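One structure below.
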Amino acid sequence: MNIFADKVAIVTGAASGIGLGLSTELSRRKAQVIMADINRDLVEEKAQELSGSGGRVQAVFLDVADAQAVQDLADGTVQSRGRVDYMFNNAGIAITGDVKDMALPDWRRVIEVNLWGVINGVQAVYPLMIRQGHGHIVNTGSSSGLAPWPTVVPYTTTKHAVVGLSTSLRSEAETYGVKVSVVCPGFINTQIFSSMKYVNIDREKALQALPFQGMAPDKCARIILRGVERNKAIIVVGWDSWLMWHNYRIFPGAYIWANRFIVKKVREQRKEK
Ligand SMILES: NC(=O)c1ccc[n+]([C@@H]2O[C@H](COP(=O)([O-])OP(=O)(O)OC[C@H]3O[C@@H](n4cnc5c(N)ncnc54)[C@H](O)[C@@H]3O)[C@@H](O)[C@H]2O)c1
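Residues 7 to 279, numbered by this note's numbering, are exactly what the sequence shown covers, in order.
What follows is the structure in structure tokens.
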């Protein structure tokens, strides 16, 4: 059975990577997909491609850090389509480096997009989903929301918060018929690694040092939708994410000790040592 057929889904960060994979897979499953992204040209181009292959998609320019814009999108969707069945709060950015080399603006934008972006998405749809008596909020966290990960500390901070927000809200929401899940992917092969900010780190060296080829975003999207179908609280994507999570839970001391090697490795990629 296809539970997504004719459902109304908003996907943020839909122009690229996991968000594009989700939009593609949802439209293949006959959902009505509102593809929202800050990259206006790219989201329009990708939506046109999906429409061309029969998808019922609409491109929308959106900065998830703008609470009013997210609210307007949710309200506009209800006005035009009658409801919001799925809200995928997926847009995210990353930053890497030593915290010693970072300044407050480096923290602020990551928190605005990765954490406030999710909060804005939740606040925009949760009341209307309660009124509807149904709906599913799917927030994109990360493996680094399940276990510590040095050298991306502001990012890790936001992802731990997204996991806490989602798993806690889940218990409140279920009494209203609303579902909440958090997605925790490991390494997925997307643009985030080339577009992220490198603070005093040699970008090329860092990209070359990526340990293995990440999972394809389309495969990641299919795993996410299987988790959504099963209403899983935490949708872990990839063996690397699973390993991080379980290692940290079972051997927290050893896991934190091993993080020293990540710090050492990334410091070798610093421009000024
Ligand atoms: N790629 C990975 O290995 C990985 C692993 C774990 C979690 N994630 C998370 O998955 C999500 C998607 O990332 P991705 O890997 O597909 O990256 P990506 O860079 O390919 O896609 C992110 C999309 O979000 C959009 N975006 C950025 N800021 C935005 C904003 N303020 N408002 C609206 N859209 C915005 C970008 O334009 C882009 O289209 C992020 O939350 C990321 O943290 C990624």
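Glycine is no exception: its CB is placed at the ideal position from the N, C-alpha and C atoms. Predicted model, so just to flag it, every value in this text is computed and none were measured.
Separation of residue j from residue i, as counted between CA atoms
i, j, result
"A15", "G60", "16 Å"
"R87", "T181", "25 Å"
"N237", "L152", "19 Å"
"S149", "Q219", "16 Å"
"V205", "M108", "7 Å"
"G183", "T163", "29 Å"
"V119", "T146", "12 Å"
"S174", "Q77", "22 Å"
"D12", "V272", "46 Å"
"A80", "D91", "11 Å"
"R114", "H166", "16 Å"
"E31", "L231", "8 Å"
DSSP beta-bridge partners of residue i
i, result
"Q129", "Paired residue(s): none; Q129 is not in a bridge."
"A100", "Answer is none; A100 lacks a bridge partner."
"A42", "T18 and V66"
"P191", "V243"
"K185", "H142"
"R276", "I207"
Residue i (DSSP reduced to helix, strand or coil)
i, result
"R137", "helix"
"K106", "helix"
"K270", "helix"
"S247", "helix"
"N145", "strand"
"P217", "coil"
"A11", "coil"
Range covered by the beta strand (DSSP E) that runs through residue i
i, result
"A65", "R62 to F67"
"M93", "Y92 to N95"
"Y204", "K203 to V205"
Check whether residue i and residue j have beta carbons under 7 Å apart
i, j, result
"V186", "S172", "yes"
"T102", "I207", "yes"
"I24", "P217", "no"
"L68", "A37", "no"
"N8", "R35", "yes"
"P294", "I268", "The question about residue 294 has no answer, for the chain in this structure spans 7 to 279."
"A283", "V70", "Given that the chain is displayed from residue 7 to residue 279, the structure contains no residue 283 and the question cannot be resolved."
"Q275", "A212", "yes"
"S22", "Q138", "no"
"V49", "A65", "yes"
Enclosing alpha helix (DSSP H) for residue i [first to last residue]
i, result
"K165", "V159 to E180"
"S29", "G23 to R34"
"A75", "A73 to R87"
"I230", "P223 to E235"
Chain D contact for residue i (CB, 7 Å cutoff)
i, result
"I229", "No chain D is present in this structure, which holds just one protein chain."
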